[in-house]
Each structure stands twice: as C-alpha cells, then as structure tokens.
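Peer 1: So the protein sequences, as listed, match chains A and B.
The opening residue of the first sequence carries number 697 in my numbering; numbering runs sequentially from there.
The opening residue of the second sequence carries number 18 in my numbering; numbering runs sequentially from there.
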Amino acid sequence: MEKFITHTGTAVPLQRSNVDTDQIIPAVYLKRVTKSGFEDGLFGAWRNDPEFVLNKPEFAGATVLVAGVDFGTGSSREHAVWALQNYGFKVVLSSRFADIFRGNSQKAGLLTVVLPQEEIEKIWAAVESDPKTAITVSLEDKTVSYGSTTIPFVIDDYTRWRLMEGLDDIGLTMKNIDEVSVFEASRASFKPKTLPVLS
Amino acid sequence: MGKTLAEKIWADHTVRSVAGEPDLLYIDLHLLHEVTSPQAFDGLRLAGRTVRRTDLTIATEDHNTPTLNIDRPIADPVSKLQVDTLRANCKEFGVRLHSLGDLDQGVVHVVGPQLGVTQPGMTIVCGDSHTSTHGAFGALAFGIGTSEVEHVLATQTLPLIRPKTMAINVEGKLKPGVTSKDIILAIIAKIGTGGGQGYVLEYRGEAIRNLSMEGRMTVCNMSIEAGARAGLIAPDETTFNYVKNKAHAPKGAEWDAAMAYWKTLFSDADAKFDREITINADDLAPFVTWGTNPGQGLPLNSNVPNPADISDPEERGAAERALTYMGLTAGTPLKAIKVDTIFLGSCTNGRIEDLRAAAEVLKGKKVSGTVRMLVVPGSARVRLEAEAEGLDKVFLDAGAEWRNAGCSMCLGMNPDQLAPGERSASTSNRNFEGRQGKGGRTHLVSPLVAAATAIRGTLSSPADL
Ligand code: SF4
Numbered sequence: 697m698e699k700f701i702t703h704t705g706t707a708v709p710l711q712r713s714n715v716d717t718d719q720i721i722p723a724v725y726l727k728r729v730t731k732s733g734f735e736d737g738l739f740g741a742w743r744n745d746p747e748f749v750l751n752k753p754e755f756a757g758a759t760v761l762v763a764g765v766d767f768g769t770g771s772s773r774e775h776a777v778w779a780l781q782n783y784g785f786k787v788v789l790s791s792r793f794a795d796i797f798r799g800n801s802q803k804a805g806l807l808t809v810v811l812p813q814e815e816i817e818k819i820w821a822a823v824e825s826d827p828k829t830a831i832t833v834s835l836e837d838k839t840v841s842y843g844s845t846t847i848p849f850v851i852d853d854y855t856r857w858r859l860m861e862g863l864d865d866i867g868l869t870m871k872n873i874d875e876v877s878v879f880e881a882s883r884a885s886f887k888p889k890t891l892p893v894l895s
Numbered sequence: 018m019g020k021t022l023a024e025k026i027w028a029d030h031t032v033r034s035v036a037g038e039p040d041l042l043y044i045d046l047h048l049l050h051e052v053t054s055p056q057a058f059d060g061l062r063l064a065g066r067t068v069r070r071t072d073l074t075i076a077t078e079d080h081n082t083p084t085l086n087i088d089r090p091i092a093d094p095v096s097k098l099q100v101d102t103l104r105a106n107c108k109e110f111g112v113r114l115h116s117l118g119d120l121d122q123g124v125v126h127v128v129g130p131q132l133g134v135t136q137p138g139m140t141i142v143c144g145d146s147h148t149s150t151h152g153a154f155g156a157l158a159f160g161i162g163t164s165e166v167e168h169v170l171a172t173q174t175l176p177l178i179r180p181k182t183m184a185i186n187v188e189g190k191l192k193p194g195v196t197s198k199d200i201i202l203a204i205i206a207k208i209g210t211g212g213g214q215g216y217v218l219e220y221r222g223e224a225i226r227n228l229s230m231e232g233r234m235t236v237c238n239m240s241i242e243a244g245a246r247a248g249l250i251a252p253d254e255t256t257f258n259y260v261k262n263k264a265h266a267p268k269g270a271e272w273d274a275a276m277a278y279w280k281t282l283f284s285d286a287d288a289k290f291d292r293e294i295t296i297n298a299d300d301l302a303p304f305v306t307w308g309t310n311p312g313q314g315l316p317l318n319s320n321v322p323n324p325a326d327i328s329d330p331e332e333r334g335a336a337e338r339a340l341t342y343m344g345l346t347a348g349t350p351l352k353a354i355k356v357d358t359i360f361l362g363s364c365t366n367g368r369i370e371d372l373r374a375a376a377e378v379l380k381g382k383k384v385s386g387t388v389r390m391l392v393v394p395g396s397a398r399v400r401l402e403a404e405a406e407g408l409d410k411v412f413l414d415a416g417a418e419w420r421n422a423g424c425s426m427c428l429g430m431n432p433d434q435l436a437p438g439e440r441s442a443s444t445s446n447r448n449f450e451g452r453q454g455k456g457g458r459t460h461l462v463s464p465l466v467a468a469a470t471a472i473r474g475t476l477s478s479p480a481d482l
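1) Taking its Cβ as the centre, do 16 or more other Cβ atoms sit within 10 Å of PRO394 (chain B), making it buried, or is it exposed?
2) I need the straight-line Cα distance from ALA374 (chain B) to ILE359 (chain B), nearest angstrom please.
3) Which class does PHE412 (chain B) belong to by DSSP, given the choice of helix, strand or coil?
4) Find out if the Cβ-Cβ distance for the pair THR365 (chain B), MET239 (chain B) is shorter than 9 Å.
5) Indicate the three-state DSSP secondary structure (helix, strand or coil) for ASN186 (chain B) in the structure shown.
6) Taking just the CA atoms, how far does GLY757 (chain A) sit from ILE241 (chain B)?
7) Identify each residue in the stretch 727-755 of chain A for which the Cβ-Cβ distance to at least one residue of chain B is less than 9 Å, and report them in chain order.
8) Does the Cβ of ALA105 (chain B) have 16 or more other Cβ atoms within 10 Å, making it buried, or fewer, making it exposed?
9) Would you kindly report the start and end of the unbroken alpha helix (DSSP H) that includes LEU465 (chain B)?
10) Could you pull out every residue in the same chain whose Cβ sits closer than 7 Å to the Cβ of TRP419 (chain B), ignoring the five residues on either side in sequence?
11) For ARG798 (chain A), which residues in the same chain have their Cβ closer than 6 Å to its Cβ, ignoring the five residues on either side in sequence?
12) Closer than 6 Å by C-beta to PHE58 (chain B): which residues in its own chain qualify, once you throw out the five before and the five after it? Chain order, please.
13) Return the residue from the list B:MET426, B:MET276, B:HIS126 and B:GLY312 that minimises the CA-CA distance to THR444 (chain B).
14) Based on the DSSP secondary-structure assignment, which residues constitute the bridge partners of HIS460 (chain B)?
15) Flag SER895 (chain A) as yes if its beta-carbon sits less than 9 Å from any beta-carbon of chain B, otherwise no.
16) What whole-angstrom Cβ distance do VAL124 (chain B) and GLY423 (chain B) have, given they're in contact under 8 Å?
17) Is it true that the CB of VAL217 (chain B) sits closer than 9 Å to the CB of LYS268 (chain B)?
18) May I ask you to list, following chain order, the residues of the stretch 261-278 of chain B that have a beta carbon less than 7 Å from some beta carbon of chain A?
19) Does MET18 (chain B) pass the burial test, meaning 16 or more other C-beta atoms within 10 Å, or should it be called exposed?
20) Listing by chain order, which chain B residues have their CB less than 7 Å from the CB of PHE797 (chain A)?
21) Contact criterion: CB-CB distance below 9 Å. Does ALA884 (chain A) meet it with respect to chain B?
22) Check whether chain A comes within 9 Å of MET139 (chain B), counting only Cβ atoms and requiring the distance to be less than that.
23) May I ask which residues mark the beginning and end of the alpha helix (DSSP H) holding VAL878 (chain A)?
24) Just to confirm before moving on: does the CB-CB distance between PRO432 (chain B) and ASP93 (chain B) stay below 9 Å?
25) When DSSP labels each residue in this structure, what does GLU747 (chain A) get in the three-state scheme?
26) So which residues on chain A does GLU167 (chain B) lean against when the C-beta distance must stay under 7 Å?
27) Who are the Cβ neighbours of ASP865 (chain A) in its own chain at under 7 Å, not counting the five residues just before and after it?
28) Please give the ranges of any beta strand (DSSP E) in the stretch 769-795 of chain A, keeping only runs that are unbroken, at least 3 residues long and fully inside the region.
29) Closest to VAL893 (chain A) by CA distance: which of B:ASP72, B:ALA274 and B:PRO350 is it?
30) Kindly identify the DSSP beta-bridge partner or partners of PRO848 (chain A).
31) Which term fits GLU99 (chain B), buried or exposed, when burial requires 16 or more other beta carbons within 10 angstroms of its beta carbon?
32) For ligand 1, is there any heavy atom lying closer than 8 Å to the beta carbon of SER441 (chain B)?
33) Which residues in the same chain as LYS355 (chain B) place their Cβ atom closer than 8 Å to its Cβ, once the five residues preceding and following it in sequence are excluded?
34) Which residues of chain B have a Cβ atom closer than 7 Å to the Cβ of GLU875 (chain A), listed in chain order?
35) Quick check: what's the CA-CA separation for ASN227 (chain B) versus ASP766 (chain A)?
36) Listed in chain order, which residues of the stretch 705-722 of chain A have Cβ atoms closer than 7 Å to some Cβ of chain B?
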C-alpha cells in the first residue's frame with residue numbers, strides 16, 4: 697500500500713446522497729477474477745449518460761471524489777473500493793460514510809474524510825465554478841484545503857498512523873514478520889505439510 | 018483456572034499478543050478453491066509478494082466444476098475462467114492443486130480430511146464459511162474473506178480477536194434412525210441462526226463421543242449455520258484411528274510425538290465456557306427444515322408451523338415470508354410435502370458413510386417415478402471408494418443419477434440447479450432462497466431421510482417405508 701501523507705488534485709462533485717455499493721460497482725462486474733480493472737464498472741449504470749459528472753471533460757483526471765451524504769451503503773463488496781481506486785481516486789470526501797465501506801477503504805488505502813455537509817457544499821460550489829480548483833488533503837495536518845480555505849478533520853490515530861506508514865494489514869504483519877519466523881522455527885515437526893507424499 | 022480446547026489451540030498458535038491490537042495467529046493449513054482466491058492472488062502479484070508457505074497451502078476445484086462430462090472443457094465461460102485462473106495461479110505461485118480428474122479433487126472440506134492434512138490441534142482456514150467442518154478433528158478451523166486469504170498467503174498468519182467459547186452438550190444416546198444431521202439441525206433450531214455469533218462452539222457429551230468422524234464433520238460443518246465461525250470436538254481414539262493411515266498422517270516417531278500432543282487436547286474439567294447448553298439425544302428425531310434458513314426446522318412428524326403462533330414479531334414475519342416462498346400452508350403435515358428432487362452430497366453429507374447410509378435404504382428399491390435423485394460424492398476418491406463397494410450400482414439400480422465430485426447442487430454454481438418452484442430434499446447445509454437455483458425450494462435433511470424421501474416421493478424417514 698502506498699503511503700498517504702498529503703495529496704493534491706482536482707475534484708469531481710458527485711452531488712447525490714445514498715450512493716450504495718451496487719451503484720458504485722454493479723453486480724455484473726463482480727465476476728472478474730482480479731482486484732484491478734474495475735474502473736470500467738465504476739458507477740456502471742450512470743456512465744452511459746454523457747451528462748453524468750464523471751463523463752464531463754472538465755473533470756477528467758480528478759483524484760478527489762466529493763460525495764453526498766451516506767456514501768457507500770449496501771453490500772460489503774470490497775470491489776467498490778477497488779473500483780474507485782482503479783479509476784484513480786485517492787480521496788473521497790463526504791459528510792457520512794457507511795461503516796463497512798469505510799472499513800474496507802481504510803484497509804485498502806483509499807482515504808475517506810468526513811467533513812460537515814456545509815463544507816462539502818462549499819467545495820461543490822468551488823469546483824463547479826472552477827474545475828481546476830486544486831484540493832489538498834493532508835493526513836499529516838488533518839486538513840482539507842483549497843483556495844484560501846482550510847478545514848480540519850478528525851481521524852483516529854491508529855488508522856492515520858497506518859495510512860501514513862502505507863501499511864495495509866499485510867504490511868503491518870510484515871513489520872513483525874521476524875516474530876513469525878521465530879514462531880515457525882519452534883513449530884512441531886509432526887505438523888502436516890501439503891507437499892505430495894509418496895505412498 | 019483450566020482452559021477450554023479452543024483456548025489451548027489459540028494459545029499454541031499465538032505469534033504475537035499486544036494490548037489494543039488483535040492477536041496474530043499462526044495458520045497451520047490454508048485451503049483454497051477457485052471462487053474466493055483470484056483477487057487474493059492478484060493482490061500478491063500487484064504487491065510483488067509470494068506465498069510464504071506453499072507447503073502449508075493446498076487447492077482444489079469444487080464450486081464451479083461440472084459433475085457430468087468432466088473430461089470436456091467447462092461449458093460455462095465464467096466458471097471456466099475461475100477454474101482456469103486457479104490453475105494459473107497455483108502454477109505461478111507453486112501451490113499444490115487437485116484439478117478435475119484428480120483422485121483428490123472434490124469439495125475442499127472433504128479433500129482435507131481424506132488426505133490427512135486435517136489433524137487435531139491445528140489452525141485451518143479457507144475462503145469458505147464451511148471450513149468449520151475440520152473442527153471435527155479438534156482443530157480450530159474457520160472461514161475467511163478474500164482479503165484474509167491474501168493475508169494468509171503472504172504471511173501464514175491472521176490478526177484476529179479471540180472469540181468466546183460455548184459448550185454444547187449432547188447427552189444420552191441417539192435412537193435408531195437419528196443421525197448427526199438431526200443433532201445439528203436440532204441445535205440450530207434451538208439456538209437460532211445467530212445463537213453462535215462470536216463463539217467457538219465445542220460439541221461434547223455421550224452422543225457426540227459416539228459419532229464417527231463423518232458424523233462429527235456433519236455436526237461441525239453446520240456450526241456456521243448457527244452463526245459461529247468455528248465448532249470443534251475434542252479428539253479421541255475415533256479421531257486418531259481415522260487419521261492414522263492417511264497419506265499425510267505423521268509416521269513412526271512423529272506419530273508418537275503427535276499423539277502425545279493430541280492427547281492434551283481437551284477442555285480442562287475446571288475450564289469455564291462463556292455459555293453452555295445441553296440437549297438430550299434421546300429426545301431427538303429425524304429433522305427437516307420447512308423454511309428458508311437452517312434454524313427453521315422441526316421433527317419430521319410435525320406439521321408446518323403456523324406463523325400466528327410465533328410471538329416474536331421478527332420471527333413471525335420471517336416465518337410468513339418463508340412459507341410464501343416455500344409454497345407451504347400452515348398445518349400441513351411435513352410428511353405430506355411432495356418433493357421433485359433429491360440431492361445427496363455436499364461437504365455436509367457427501368462422504369462415504371453418508372453414501373453407505375443412503376444406499377442401505379435404497380437397496381432393492383426404486384426412486385419414485387415423480388422424483389429425480391442426484392448422488393454427488395464429495396470427492397473423486399469417495400466416488401471410487403463407493404464404486405469399489407458397489408454403491409454406484411445400488412443408486413443406479415434404484416434409478417438415481419451417479420455423478421462426479423463437487424459442490425454441485427449445494428449452491429448451483431455449476432449446471433446442477435433447481436428450476437423455479439422446484440422442491441428438493443437436500444443433504445446440504447443451506448436452504449436460503451434461491452440457494453440451489455433461482456426460485457428453488459430446499460428442505461434440509463439427513464442422508465437417511467433423503468433416501469426414504471426418494472422412494473416415497475414425500476418427506477419421509479426409513480421408518481415410514
Ligand atoms: S459443498 Fe456447498 S457448502 Fe460445502 S463448500 Fe461446496 S458450496 Fe460450500
């Protein structure tokens with residue numbers, strides 16, 4: 697997982713509430729056998745609409761998704777997070793996230809930042825009037841800033857530390873991998889191995 | 018204070034334990050199949066990681082595999098892609114795989130025990146909720162998600178919060194015709210599909226001790242249906258004898274060392290469980306589900322329940338919905354329910370003993386003209402064993418279909434599915450809406466009830482023949 701210290705990029709205003717994971721990545725796209733390549737299915741049902749905000753050329757290349765309230769409700773599919781990341785998003789801002797989606801995103805290294813709804817609306821307005829507005833999200837300072845505005849946000853210390861270190865659960869365990877090796881060295885020799893046996 | 022069996026195994030596998038963090042648990046055996054592993058392998062690839070212990074990892078193909086024409090390419094392209102992906106991943110990462118056509122291909126939870134890689138005192142995981150099956154050997158075995166599969170592949174460990182423990186004592190002796198499937202269906206009906214949530218269940222008592230390994234696996238298999246991630250049974254002579262001559266069992270001095278350890282694997286007399294319940298085996302009768310979750314079950318002699326009699330409003334609503342889906346009327350005797358299809362198989366009841374029990378009932382008899390019966394051995398080896406005993410002839414003579422190994426109609430990911438509205442008596446573990454095919458209606462039963470039902474065409478036990 698990449699370390700997340702600070703990120704600056706342009707934003708897409710997704711002015712809808714209750715965007716559930718079925719909308720983020722419809723079930724027909726789940727048959728894929730990879731964790732990558734889900735960008736095609738992102739918001740699949742809406743992508744045919746040229747007016748859909750992601751299709752507007754002025755928002756091409758954006759890396760910050762500014763979403764409405766209750767983003768990521770519905771099923772627990774990890775594919776929703778993968779799809780956003782595959783598309784290129786690094787941060788999602790919203791005034792409220794569904795629990796499971798937030799948990800999944802934090803596992804996978806997609807930063808989800810909770811801001812008051814009025815701040816979300818101000819960002820929407822700023823981005824609508826100038827799509828080139830650069831938004832900086834600093835996990836180090838726990839702030840979101842653009843133009844002359846700086847908004848603080850709250851995140852728990854453990855998650856912040858893990859994301860700043862770029863540690864997914866595997867990365868974290870890897871930090872203690874020597875302890876795993878020590879444990880392995882003392883495992884009983886009668887424990888079975890799966891390698892083929894001659895019999 | 019003493020420890021429970023689950024606590025002993027947990028302690029013996031704790032690599033790291035720090036306050037405020039989950040424990041890091043070492044995993045002795047990781048089983049893989051085609052459905053939940055592709056993204057995990059892809060994750061390894063993207064991060065440039067390898068499989069840490071290929072010698073503790075083993076894979077088989079089961080969920081998508083056809084049970085007919087297994088020498089031909091898999092017809093469904095999605096199924097084929099998942100199987101092909103597993104094959105490519107196992108090759109790339111050096112994982113042993115039992116492919117279609119191999120003697121040890123079959124349902125992953127049948128294959129582990131038959132190879133002897135499932136042994137007492139182990140930690141065993143698989144991206145499949147019925148991994149609890151392996152608890153029958155006195156192992157701590159549970160299902161995991163795809164991210165966790167990747168974690169185990171990379172590190173051979175998992176960060177986990179320690180579960181609570183529940184003792185389920187099944188005292189007394191089972192009456193003839195009552196089986197391990199009836200025990201577990203009765204337990205789930207008693208504690209509910211959420212009753213085991215957060216617990217490791219330990220099945221104890223005379224009736225459990227008297228079960229064969231196959232019977233114990235049936236009980237542990239369905240722990241997840243009570244909401245528990247794991248269920249286990251302390252190992253004893255039955256366990257040791259079962260493991261003894263399997264290909265991967267310890268040999269010589271290793272066997273002695275293993276036995277010395279295995280004999281310490283029981284809950285201490287003064288161990289304290291967080292919860293304890295007792296069931297009398299003498300009270301049990303053949304059980305069957307009438308609804309759409311495994312907790313909606315009753316003795317076969319009962320009538321379809323009336324939702325109006327259920328006081329809990331949530332449960333009442335669930336019962337009403339279930340009866341509508343199942344196309345059943347309250348008050349109908351369960352034995353009057355006509356079925357279209359019998360499915361004998363799955364990781365719950367697809368082992369040799371299950372096939373023997375059903376064949377014993379079917380011997381010299383015919384499957385009712387209105388019923389189709391699918392017999393799907395849990396693994397290719399079980400199939401061969403059954404053929405060596407002539408069981409295939411019994412099934413074929415009775416008019417049943419004798420298929421190749423796999424999950425098959427347990428979940429209908431392959432072509433073996435119920436048609437909408439079709440009703441089955443199934444020896445599998447889930448009667449969810451659409452589980453065996455869109456619109457299909459499932460009654461969970463034991464192999465004995467499945468066989469008797471096949472003959473009579475209505476839900477029946479051998480005593481009704
Ligand atoms: S037989 Fe059924 S329950 Fe068992 S692993 Fe296969 S699909 Fe899952």
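Cβ coordinates follow ideal geometry from the N, Cα and C atoms, glycine included.
It should be emphasised that the depicted structure is a prediction, and the values quoted were computed from it without experimental measurement.
Peer 2: Checking against the coordinates, here is how it stands:
1) On the second sequence, position 377 is the one that residue 394 (chain B) refers to. Label assigned to PRO394 (chain B): buried.
2) On the second sequence, position 357 is the one that residue 374 (chain B) refers to. On the second sequence, position 342 is the one that residue 359 (chain B) refers to. The alpha-carbon atoms of ALA374 (chain B) and ILE359 (chain B) are separated by roughly 15 Å.
3) Numbered from 1 along the second sequence, position 395 holds the residue referred to as residue 412 (chain B). Here PHE412 (chain B) carries a helix assignment [DSSP, helix/strand/coil].
4) On the second sequence, residue 365 (chain B) is found 348 positions in, with the first residue counted as 1. On the second sequence, residue 239 (chain B) is found 222 positions in, with the first residue counted as 1. A contact, by the Cβ cut-off of 9 Å.
5) Here residue 186 (chain B) refers to the residue found at position 169 of the second sequence. ASN186 (chain B): strand per DSSP, three-state reduction.
6) Within the second sequence, residue 241 (chain B) is the residue found at index 224, counting from 1. Within the first sequence, residue 757 (chain A) is the residue found at index 61, counting from 1. Looking at the two C-alpha atoms, the distance is approximately 45 Å.
7) Hits within the stretch, in order: LYS727, ARG728, VAL729, THR730, LYS731 and SER732.
8) Numbered from its first residue, the second sequence carries residue 105 (chain B) at position 88. Taking all protein chains in view, the Cβ of ALA105 (chain B) is surrounded by fewer than 16 other Cβ atoms within 10 Å, so the residue is classified as exposed.
9) Position 448 of the second sequence, counting from 1, holds the residue named residue 465 (chain B). 464-473 is the extent of the alpha helix (DSSP H) around LEU465 (chain B).
10) Reading the second sequence from its first residue, position 402 is the one you call residue 419 (chain B). Spatial neighbours of TRP419 (chain B) in its own chain (CB-CB distance under 7 Å, excluding positions within 5 residues in sequence) are listed in chain order as VAL392, ASP409, PHE412 and LEU413.
11) Working through the first sequence from its first residue, we reach residue 798 (chain A) at position 102. Same-chain partners within the cutoff: THR808.
12) In the second sequence, residue 58 (chain B) corresponds to position 41, counting from 1. The answer, listed in chain order, is ASN106.
13) Stepping through the second sequence from its first residue, residue 444 (chain B) is reached at position 427. Looking from the CA of THR444 (chain B), the closest CA among B:MET426, B:MET276, B:HIS126 and B:GLY312 belongs to B:MET426.
14) For the purposes of this step, residue 460 (chain B) is identified with residue 443 of the second sequence, where counting begins at 1. Beta-bridge pairing links HIS460 (chain B) to B:ALA442.
15) Against the first sequence, residue 895 (chain A) aligns to sequence position 199. Low confidence applies to SER895 (chain A): its pLDDT is 47, below 50, so where it sits in the model is not reliable, and the reading given next is rough at best. It does; some Cβ of chain B falls within 9 Å.
16) Stepping through the second sequence from its first residue, residue 124 (chain B) is reached at position 107. Stepping through the second sequence from its first residue, residue 423 (chain B) is reached at position 406. Yes, they are in contact, since the Cβ atoms of VAL124 (chain B) and GLY423 (chain B) sit about 7 Å apart, within 8 Å.
17) Reading the second sequence from its first residue, position 251 is the one you call residue 268 (chain B). Reading the second sequence from its first residue, position 200 is the one you call residue 217 (chain B). No.
18) From the stretch 261-278 of chain B, only ALA264, HIS265, PRO267, GLU271, ALA274, ALA275 and TYR278 have a Cβ closer than 7 Å to chain A.
19) Translated into positions along the second sequence, residue 18 (chain B) becomes position 1. Its Cβ having fewer than 16 others within 10 Å, MET18 (chain B) is exposed.
20) Here residue 797 (chain A) corresponds to residue number 101 of the first sequence, with the count starting at 1. Correct list: empty, because the minimum Cβ distance to chain B is about 14 Å.
21) Translated into the one-based positions of the first sequence, residue 884 (chain A) becomes position 188. It does: the Cβ of ALA884 (chain A) has a partner Cβ on chain B nearer than 9 Å.
22) As a working mapping, residue 139 (chain B) is identified with position 122 in the second sequence. True, the Cβ-Cβ gap to chain A drops below 9 Å.
23) For the purposes of this step, residue 878 (chain A) is taken as the residue at position 182 of the first sequence. Counting along the chain, the alpha helix (DSSP H) containing VAL878 (chain A) begins and ends at 873-881.
24) Stepping through the second sequence from its first residue, residue 432 (chain B) is reached at position 415. Stepping through the second sequence from its first residue, residue 93 (chain B) is reached at position 76. At the C-beta level, PRO432 (chain B) and ASP93 (chain B) come within 9 Å of one another.
25) Sequence index remark: in the first sequence, residue 747 (chain A) carries index 51 (1-based). Collapsing the DSSP output to three states places GLU747 (chain A) in coil.
26) For the purposes of this step, residue 167 (chain B) is taken as the residue at position 150 of the second sequence. Per Cβ cutoff of 7 Å: ILE866.
27) On the first sequence, residue 865 (chain A) is found 169 positions in, with the first residue counted as 1. Cβ neighbours of ASP865 (chain A) beyond the five flanking positions: LYS803.
28) 787-790
29) Here the question's residue 893 (chain A) lines up with position 197 in the first sequence. The candidate whose alpha carbon is nearest that of VAL893 (chain A) is B:ASP72.
30) Working through the first sequence from its first residue, we reach residue 848 (chain A) at position 152. DSSP lists A:THR839 as partners of PRO848 (chain A).
31) The residue given as residue 99 (chain B) occupies position 82 in the second sequence. Per the sequence presented here, residue 99 (chain B) reads as Gln, with Glu not at that position. With 16 or more other Cβ atoms within 10 Å, it is buried.
32) Working through the second sequence from its first residue, we reach residue 441 (chain B) at position 424. SER441 (chain B): no, Cβ never under 8 Å from ligand 1.
33) Within the second sequence, residue 355 (chain B) is the residue found at index 338, counting from 1. Hits under 8 Å: THR387, ARG440, GLY474 and THR475.
34) The sequence position of residue 875 (chain A) within the first sequence is 179, counting from 1. Near GLU875 (chain A) (Cβ distances below 7 Å), the residues of chain B are VAL32 and ARG33.
35) The residue you call residue 227 (chain B) lines up with position 210 of the second sequence. The residue you call residue 766 (chain A) lines up with position 70 of the first sequence. Straight-line Cα distance between these residues: approximately 53 Å.
36) none
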